[in-house]
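**Student:** Dumping the structure here so I can ask a few things about it.
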Amino acid sequence: MTFSGESREERAMNTQFQHPLNISRDEAIKLVGIGRTKFNELVHAGDIKVVRIGRRVLVPLEPLRAWLKGLEGASL
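Heads up: the sequence shown begins at 10 in this note's numbering, then just goes up one per residue.
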(Lines of atoms letter the chains of each structure in order from A and count residues from 1; the text may use other names and numbers.)
(Lines give C-alpha, C1' and ligand atoms only; values in the text may rest on other atoms or scores of the structure.)
Protein backbone atom coordinates (compact mmCIF):
# COMPACT_ATOMS: atom_id res chain seq x y z
CA MET A 1 0.00 0.00 0.00
CA THR A 2 1.13 3.49 -0.71
CA PHE A 3 0.39 6.64 1.21
CA SER A 4 -2.69 7.30 -0.95
CA GLY A 5 -4.18 3.97 0.11
CA GLU A 6 -3.79 2.34 -3.31
CA SER A 7 -1.55 -0.60 -3.99
CA ARG A 8 0.85 -0.51 -6.92
CA GLU A 9 -1.41 -2.88 -8.81
CA GLU A 10 -4.43 -0.60 -8.28
CA ARG A 11 -2.44 2.43 -9.48
CA ALA A 12 -1.31 0.52 -12.57
CA MET A 13 -4.90 -0.47 -13.35
CA ASN A 14 -6.13 3.11 -12.92
CA THR A 15 -3.38 4.41 -15.21
CA GLN A 16 -4.27 1.82 -17.85
CA PHE A 17 -7.91 2.96 -17.87
CA GLN A 18 -6.88 6.60 -18.12
CA HIS A 19 -4.66 5.76 -21.10
CA PRO A 20 -6.37 2.92 -22.99
CA LEU A 21 -4.46 0.74 -25.42
CA ASN A 22 -7.43 0.56 -27.80
CA ILE A 23 -10.37 2.79 -28.65
CA SER A 24 -13.66 2.07 -30.36
CA ARG A 25 -14.16 2.55 -34.08
CA ASP A 26 -16.40 5.57 -33.43
CA GLU A 27 -13.80 7.15 -31.13
CA ALA A 28 -11.12 6.63 -33.79
CA ILE A 29 -13.32 8.20 -36.47
CA LYS A 30 -13.83 11.27 -34.28
CA LEU A 31 -10.16 11.43 -33.37
CA VAL A 32 -8.99 11.26 -36.99
CA GLY A 33 -11.80 13.51 -38.25
CA ILE A 34 -12.95 11.39 -41.18
CA GLY A 35 -16.23 9.70 -42.06
CA ARG A 36 -17.17 6.10 -41.41
CA THR A 37 -16.95 5.17 -45.11
CA LYS A 38 -13.42 6.56 -45.50
CA PHE A 39 -12.40 4.90 -42.22
CA ASN A 40 -13.69 1.53 -43.46
CA GLU A 41 -11.85 1.99 -46.77
CA LEU A 42 -8.60 2.63 -44.88
CA VAL A 43 -9.17 -0.45 -42.70
CA HIS A 44 -9.85 -2.65 -45.74
CA ALA A 45 -6.75 -1.26 -47.48
CA GLY A 46 -4.68 -2.18 -44.40
CA ASP A 47 -3.73 1.43 -43.64
CA ILE A 48 -5.50 1.47 -40.27
CA LYS A 49 -5.08 -1.60 -38.08
CA VAL A 50 -8.05 -2.93 -36.10
CA VAL A 51 -8.62 -5.73 -33.62
CA ARG A 52 -11.88 -7.66 -33.79
CA ILE A 53 -13.25 -9.25 -30.64
CA GLY A 54 -16.53 -10.88 -31.53
CA ARG A 55 -18.54 -8.16 -33.26
CA ARG A 56 -16.61 -5.37 -31.60
CA VAL A 57 -13.99 -3.46 -33.58
CA LEU A 58 -11.18 -1.85 -31.58
CA VAL A 59 -8.45 0.41 -32.90
CA PRO A 60 -5.02 0.16 -31.23
CA LEU A 61 -3.94 3.72 -30.37
CA GLU A 62 -0.20 3.46 -30.98
CA PRO A 63 -0.46 2.20 -34.60
CA LEU A 64 -3.19 4.81 -35.24
CA ARG A 65 -0.96 7.59 -33.92
CA ALA A 66 1.97 6.31 -36.01
CA TRP A 67 -0.24 6.23 -39.12
CA LEU A 68 -1.42 9.81 -38.46
CA LYS A 69 2.16 10.98 -37.93
CA GLY A 70 3.12 9.45 -41.27
CA LEU A 71 0.38 11.49 -42.96
CA GLU A 72 1.83 14.87 -42.06
CA GLY A 73 1.83 16.88 -45.27
CA ALA A 74 0.02 14.17 -47.26
CA SER A 75 -3.59 14.04 -48.43
CA LEU A 76 -5.98 11.11 -48.42
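Note that beta-carbon positions come from the ideal geometry of N, C-alpha and C, so glycine has one too.
Going by the CB atoms, is the gap between asparagine 31 and leucine 70 shorter than 8 Å?
**Tutor:** Here residue 70 refers to the residue found at position 61 when the sequence shown is read from its first residue. Here residue 31 refers to the residue found at position 22 when the sequence shown is read from its first residue. In this structure, asparagine 31 lies closer than 8 Å to leucine 70 by Cβ.
**Student:** Arginine 61 lies in the beta strand (DSSP E); which residues open and close that run?
**Tutor:** The count along the sequence shown starts at 1 and reaches residue 61 at position 52. Looking at the DSSP string, the run of the beta strand (DSSP E) that includes arginine 61 is 60-62.
**Student:** Nearest-angstrom Cα distance between serine 33 and valine 66?
**Tutor:** Locating residue 33 in the sequence shown gives position 24, where the first residue counts as 1. Locating residue 66 in the sequence shown gives position 57, where the first residue counts as 1. Going by the C-alpha atoms only, they are around 6 Å apart.
**Student:** Considering only DSSP beta bridges, list what isoleucine 32 is partnered with.
**Tutor:** Stepping through the sequence shown from its first residue, residue 32 is reached at position 23. DSSP output for isoleucine 32 lists Val68 as bridge partner(s).
**Student:** Look at the alpha carbon of methionine 10 and the alpha carbon of histidine 28, and state the distance between them as a whole number of angstroms.
**Tutor:** The residue you call residue 10 lines up with position 1 of the sequence shown. The residue you call residue 28 lines up with position 19 of the sequence shown. The predicted position of methionine 10 is uncertain, since its pLDDT is 49 and thus under 50; no value can be drawn from it.
**Student:** According to the neighbour-count rule (16 or more other Cβ atoms, all chains shown, within 10 Å of its Cβ), is isoleucine 62 buried or exposed?
**Tutor:** Along the sequence shown, one-based indexing puts residue 62 at 53. Per the 10 Å Cβ criterion, exposed.
**Student:** Within the continuous alpha helix (DSSP H) that includes glutamate 50, where are the two ends?
**Tutor:** For the purposes of this step, residue 50 is taken as residue 41 along the sequence shown, with counting starting at 1. Taken as a continuous stretch (DSSP letters only), the alpha helix (DSSP H) holding glutamate 50 covers 45-53.
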